[in-house]
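Structure record follows, encoded as structure tokens.
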Amino acid sequence: VAGRYAAEHPRKFAAQEGSTLAEHRAAMVAAVSGKRGKRYLKRQQLLELGEPAIRYLTEVVHRRPREWFQDVDRLHQILQSHGPEVLRRAMEEGLKEQRFGAVYVERSLQSSLSFAQGVQ
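Okay, structure coming up:
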């Protein structure tokens with residue numbers, strides 16, 4: 518072991534709620550070999566966001582059985598760039614509106630980010 522490592526994780530108050538940093542998620546995906554293995558690890562990391570993610574991804578897989586993996590790849594990118602709270606809220610909104618897929622989540626985030634910038 519070379520050197521000492523330290524990482525600060527945000528404090529979590531809910532039971533069973535994980536706190537994985539984006540760079541740690543990326544390192545885990547990089548350590549897995551093969552497209553299929555990477556994809557399933559990404560899906561697992563998305564499922565760890567909780568009940569809304571489980572329900573949302575279940576709908577994506579059932580509605581798009583041949584294309585779900587593209588949604589998983591893009592949703593994982595959103596998780597990495599925007600964080601778990603933002604993605605979880607977007608998935609909850611998608612469940613309410615019955616709109617599924619990474620494209621919907623991206624549009625939802627763009628409109629909410631545009632609104633937030635306009636308010637400031």
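Each residue of the sequence shown is one higher than the one before, counting from 518 in the numbering used here.
Where a beta carbon is used, it is the ideal one built from N, C-alpha and C, also for glycine.
Only a predicted model underlies this, so the values are computations on that prediction, with no experimental measurement involved.
In terms of CA proximity to Ala543, Ile595 leads the group Ile595, Leu612, Ala607 and Glu623. The count of Cβ pairs closer than 8 Å, one atom from the segment 583-591 and one from the segment 599-610, stays below three, leaving the stretches out of contact.
Counting every other CB atom within 10 Å of its CB across the protein chains shown gives Leu566 a total of 16 or more, marking it as buried.
In the three-state DSSP reduction, Val549 falls in the coil class, being neither helix nor strand. In the structure shown, Pro582 adopts coil according to DSSP, grouped into three states.
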